[in-house]
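Below: one structure, written as C-alpha cells.
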Amino acid sequence: VSFYWFDIPINGPLYVLPMATSIYLLSVLGMGLFISTISRTQQQALMATFIFYIPAVLLSGFMFPIENMPVVVQYGTYINPLRY
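Quick note on numbering: the working numbering labels position 34 of the sequence shown as 37, and the sequence is numbered without any gaps.
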C-alpha cells in the first residue's frame, strides 16, 4: 500500500516486514497476557495497562527523539518494543 499509494520505496527485503511484525505482535500479546494474569478486575487491568504503555509510548521516540534522552534512559529504550 505504501509503495502504490504514497510512492514510498521499499529498500529492504520484503520478508523482513512480516517477521518484524510477528515479533512485535508476540511481545505486545505477551505483555497483555501478563497484565491479564496479575489483575483480578477490569479496573486493575486498565490501570496496569496505563502503567506499562504510557511510558512505552513516551520512551519509543514518538514524542521526542531518543538522542535527547539521558544516556541511561537511551539504553533502557532497547527493551521497549515500540522503539522498533
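C-beta atoms are modelled at their ideal positions from N, C-alpha and C, and glycine is treated no differently.
A quick note: this is a predicted structure, and the numbers were derived from the prediction, not measured.
Buried or exposed by the 16-neighbour rule on C-beta atoms within 10 Å, applied to residue 62: buried
Residue 25 - DSSP class collapsed to helix/strand/coil: helix
C-alpha distance - residue 41 paired with residue 5, whole-angstrom precision: 39 Å
Selected residue, minimal CA-CA separation from residue 79, among 59, 12, 26, 18: 59
Bounding residues of the alpha helix (DSSP H) (the contiguous stretch that carries residue 79): 74–79
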